[in-house]
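In the UniProt record's numbering, the protein residues as written are 1 to 220.
Note that the Cβ used here is the ideal one computed from N, Cα and C, for glycine as well.
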Ligand SMILES: Nc1nc2c(c(=O)[nH]1)N[C@H]1C(S)=C(S)[C@@H](COP(=O)(O)O)O[C@H]1N2
Ligand SMILES: [Mo]
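Shown next as structure tokens:
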């Protein structure tokens, strides 16, 4: 069955027309918050946790969690869209806007690309312009509570305007580059950019993602 047929056959619950505009093509709205990742949920001792900022910048640095908490704190309320077809509206995350991190730490990237490094050996590539925006943040809290371990505590990236695989949980490194390189999913057939409203799911052939893939996941 081709993708168009698959989407037509999907049982999409009725969505308020006002909200429908916010739902990208081929997505299903859920009120639950599924948990999706590769590998085990890492356990951290905050004393030893660090975030490394390196690559094509003047001065590499290693931040502690305390350093992050001293930066300007912001909250963003956004919709999130996973490539396995679930979307969730009105999620409030709190942390440090990526653009504030750059500004306050005086980071002047030399290239246009960024690789995010996360545990467990997860990476995602992004263009700097997709991070340097008013709605992209490094979040430590969700709905005014610390992130749960499974949703990425102590720190995760949130990039609302791209598929959620770019929003790395358990972030440990930000590497600046002057050329674009594929991250974990991008090396495995997913799109280099990943705009849900353009359905930039795959880089080549459609990959078979079962329609109920996310329904079988864990929630909290
Ligand atoms: N470190 C890490 N971050 C990750 C992933 C992962 O496997 N490892 N999966 C991504 C994918 S595919 C999705 S959809 C979201 C899921 O976030 P959630 O579990 O909080 O819903 O995390 C993203 N961030
Ligand atoms: Mo995902």
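Considering just the uninterrupted stretch of the alpha helix (DSSP H) at residue 130, what are its terminal residues? Counting from 1 along the chain shown, the entry for residue 130 is found at position 130. Note, residue 130: alpha helix (DSSP H), 128-131.
For a test of the three-state rule: what should DSSP assign to residue 150, helix, strand or coil? One-based indexing of the chain shown puts residue 150 at position 150. Note: residue 150 maps to helix in three-state DSSP.
Exposure of residue 152, with buried meaning 16 or more beta-carbon neighbours within 10 Å: Taking the chain shown and counting its residues from 1, the one referred to as residue 152 is at position 152. Residue 152 should be labelled buried.
Spatially closest choice to residue 207 from 126, 84, 155, by CA coordinates: Translated into positions along the chain shown, residue 207 becomes position 207. Ranking the options by Cα distance to residue 207, first place goes to 84.
Looking at residue 169: is its Cβ nearer than 8 Å to the Cβ of residue 133? Position 169 of the chain shown, counted from the start, is the residue given in the question as residue 169. Position 133 of the chain shown, counted from the start, is the residue given in the question as residue 133. For residue 169 and residue 133, no; Cβs fall outside 8 Å.
Integer-rounded CB distance, given that residue 82 should sit under 8 Å from residue 36: Taking the chain shown and counting its residues from 1, one reaches residue 36 at position 36. Taking the chain shown and counting its residues from 1, one reaches residue 82 at position 82. Rounded, the Cβ-Cβ distance is 7 Å, consistent with contact.
Segment limits, alpha helix (DSSP H) that includes residue 20: In the chain shown, the residue the question calls residue 20 occupies position 20. Its alpha helix (DSSP H) spans residues 17-20.
On the DSSP letters alone, give me the boundaries of the beta strand (DSSP E) that residue 80 sits inside. Position 80 of the chain shown, counted from the start, is the residue given in the question as residue 80. Its beta strand (DSSP E) spans residues 74-81.
Which residue comes first and which comes last in the alpha helix (DSSP H) that contains residue 102? Position 102 of the chain shown, counted from the first residue, corresponds to residue 102. Unbroken alpha helix (DSSP H) run through residue 102: 98-104.
Is residue 75 closer than 8 Å to residue 92 when the C-beta atoms are compared? As a first step, residue 92 is located in the chain shown; it is residue number 92 there, counting from the start. As a first step, residue 75 is located in the chain shown; it is residue number 75 there, counting from the start. Taking 8 Å as the Cβ cut-off, residue 92 and residue 75 qualify as a contacting pair.
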